[in-house]
Every structure is written in structure tokens, then in C-alpha cells.
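A.B. asks: Per this note's numbering, residue 47 is the first one in the sequence shown, and the count goes up by one each step.
Beta carbons are placed, not taken as given, at the ideal position from N, Cα and C, and that holds for glycine.
Keep in mind it's a predicted model, so treat the numbers as computed, not measured.
First the structure, which I've put down as C-alpha cells, then a few questions once you've had a look.
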Amino acid sequence: MLGEVRDYLKRRGSATKGEISSYLGSSEQATELALKYWINKGRIRIITPPCGSCDGCPGARELYEWLEPAG
């Protein structure tokens with residue numbers, strides 16, 4: 047599953063947890079564990095895009111973005 051999450055985000059650039067779960071056919075809890083693994087490795091960051099009327103709010107959707115290694 048870790049490789050599938052990596053490959054999906056590398057292709058898409060970014061996606062929500064729900065989009066990733068749906069693509070993989072897995073639960074959001076299982077997807078969250080895989081995302082946390084890559085976040086802890088420094089390969090994924092969480093982006094909270096603004097809703098359009100302000101600079102951000104707690105209800106905004108979180109996007110997970112794949113980060114390529116520097117260098």
C-alpha cells in the first residue's frame with residue numbers, strides 16, 4: 047500500500063485522503079497510516095488550500111502533496 051500511495055501522488059501531484067482511499071479501494075484509516083508514514087519520512091506534506099473567501103479555515107479540505115527529494 048505504501049508504494050501505491052507514493053505512485054498515485056507522484057502521478058497526480060496532490061490529492062485528498064478520500065480520493066486516495068477511493069482510488070486504492072481502502073479505508074480512510076488504512077490510507078491515513080500510509081500517509082503518516084510518508085509524512086514522517088518527509089516525502090508528503092499537507093496543504094490546506096484557502097476556500098476562496100479567506101486565507102484558510104478549519105473546515106477546508108486537506109490535500110496531500112508528494113515531495114521529490116532535493117538535489
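1. Apart from the five residues just before and just after Glu50, which ones in its own chain have a Cβ nearer than 6 Å to its Cβ?
2. Taking C-beta to C-beta, are Ala61 and Leu109 nearer than 8 Å?
3. Between which two residues does the alpha helix (DSSP H) harbouring Glu108 extend?
4. Return the CA-CA distance between Gln75 and Arg57, expressed in angstroms with no decimal places.
5. Assuming Tyr83 contacts Leu48 under a Cβ cut-off of 8 Å, what Cβ separation, rounded to an integer in Å, is found between them?
6. Put Ser73 into one of helix, strand or coil per three-state DSSP.
7. Residues in its own chain within less than 8 Å of Ser73 by CB, not counting five upstream and five downstream?
C.D. replies: In short, the structure shows the following:
1. Within the sequence shown, residue 50 is the residue found at index 4, counting from 1. If you ignore the 5 residues before and after Glu50, its C-beta comes within less than 6 Å of the C-beta of Leu70, all in its own chain and listed in chain order.
2. Reading the sequence shown from its first residue, position 15 is the one you call residue 61. Reading the sequence shown from its first residue, position 63 is the one you call residue 109. Using a Cβ distance threshold of 8 Å, Ala61 and Leu109 count as a contacting pair.
3. Within the sequence shown, residue 108 is the residue found at index 62, counting from 1. Taken as a continuous stretch (DSSP letters only), Glu108 belongs to no alpha helix (DSSP H), as it is neither H nor E.
4. Position 29 of the sequence shown holds residue 75. Position 11 of the sequence shown holds residue 57. Here the alpha carbons of Arg57 and Gln75 stand approximately 22 Å from one another.
5. Start at 1 with the first residue of the sequence shown, and residue 83 comes out as number 37. Start at 1 with the first residue of the sequence shown, and residue 48 comes out as number 2. Right, their Cβ atoms sit about 6 Å apart.
6. Position 27 of the sequence shown, counted from the first residue, corresponds to residue 73. Of the three classes helix, strand and coil, the one that applies to Ser73 here is coil, per DSSP.
7. Here residue 73 refers to the residue found at position 27 when the sequence shown is read from its first residue. The residues Ser67, in chain order, have a CB closer than 8 Å to that of Ser73 in the same chain once the five nearest residues on each side in sequence are set aside.
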